[in-house]
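A.B. asks:
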Amino acid sequence: MAASYREVAASLGLEVPADDDELRDVLEADVQKVASARSRGKGFEASAMAP
């Protein structure tokens, strides 16, 4: 998963930590942010993505 995340981040011009443990911390923080936003009703809903 780290390799995929690094590839996507690079394609978006984002920097990621070189250390896998630091990258895991970043990923965990991102997941918590998304979960928190979803619990407040700010997440992406499937219906919003439909054409």
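Each residue of the sequence shown is one higher than the one before, starting from -7 at the first, in this note's numbering.
C-beta atoms are modelled at their ideal positions from N, C-alpha and C, and glycine is treated no differently.
(1) By the three-class DSSP mapping on this structure, what secondary structure does residue 30 have?
(2) I think residue 23 touches residue 15, with their Cβ atoms under 8 Å apart; what is that distance to the nearest whole Å?
(3) Output yes or no for whether 7 Å exceeds the beta carbon distance between residue 11 and residue -6.
(4) Assign residue 6 to one of three DSSP states: helix, strand, or coil.
(5) Helix, strand or coil for residue 11? Go by DSSP, reduced to three states.
C.D. replies: Looking at the coordinates:
(1) helix
(2) Their Cβ separation, rounded to whole angstroms, is 13 Å, which puts residue 23 and residue 15 out of contact at 8 Å.
(3) no
(4) coil
(5) coil
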